[in-house]
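Have a look at the structure below, then the notes.
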Amino acid sequence: MAAVRPPGLTTHVLDLVRGRPGAGMAWRLYRVVNDRRALLAQGRTNADGRTDQPLLQGDTLRAGLYELEFDAAAYFHDAGGPTGSIWTTIPIRFEISDEGGHYHVPLLLAPGGYSTYRGS
128 MAAVRPPGLT
138 THVLDLVRGR
148 PGAGMAWRLY
158 RVVNDRRALL
168 AQGRTNADGR
178 TDQPLLQGDT
188 LRAGLYELEF
198 DAAAYFHDAG
208 GPTGSIWTTI
218 PIRFEISDEG
228 GHYHVPLLLA
238 PGGYSTYRGS
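Position one of the sequence shown corresponds to residue 128 (the working numbering), numbered consecutively onward.
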């Protein structure tokens, strides 16, 4: 039986070229209202490509539109290795509708492309 995750918002960056977590990637979380963004939190991913704490949890997890933005160009520059990425920042805009739910927004990243999905 799968463990039930507590309500909140988490993320995870995976570097597909190197086959490892996207450690040290800068991110910013915005709340979006009337197409205007308000910064809620920012930081860098840890050695496992995750954040040390959920981005939103408890009273901060509210229904609405959000944008999670990742600094891809700086990550590729700092990580060395393959270059030539056209991605500068990667914005992922999503909606939270269930304040009691768990939202996991991973980023799978390579210089030539990226992907995301609603994780568990």
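For each residue, glycine too, the CB sits at the ideal point set by N, CA and C. Predicted model only: the values in this text are computed from it and were never measured.
Distance between Leu143 and Thr216, taken at the CA atoms: about 17 Å.
Secondary structure of Tyr244 (DSSP, three-state): coil. The beta carbons of Ala165 and Arg158 sit closer together than 8 Å. DSSP, reduced to helix, strand and coil, places Thr187 within a helical segment of the structure shown. Counting along the chain, no beta strand (DSSP E) covers Asp225, and no H or E run does either.
When the alpha-carbon of Leu192 is set against those of Ala199, Glu226, Leu234 and Thr243, the nearest one is in Glu226.
The beta carbon of Arg177 is closer than 6 Å to those of His139 in its chain, skipping five residues each way along the sequence. DSSP places Ala199 inside the alpha helix (DSSP H), whose first and last residues are Ala199 to Ala206. For Asp162, no pairing in a beta bridge is given by DSSP. Of the other Cβ atoms in all chains shown, 16 or more fall within 10 Å of the Cβ of Thr172; this residue is therefore buried.
Counting along the chain, Leu136 sits inside the beta strand (DSSP E) bounded by residues Gly135 to Asp142.
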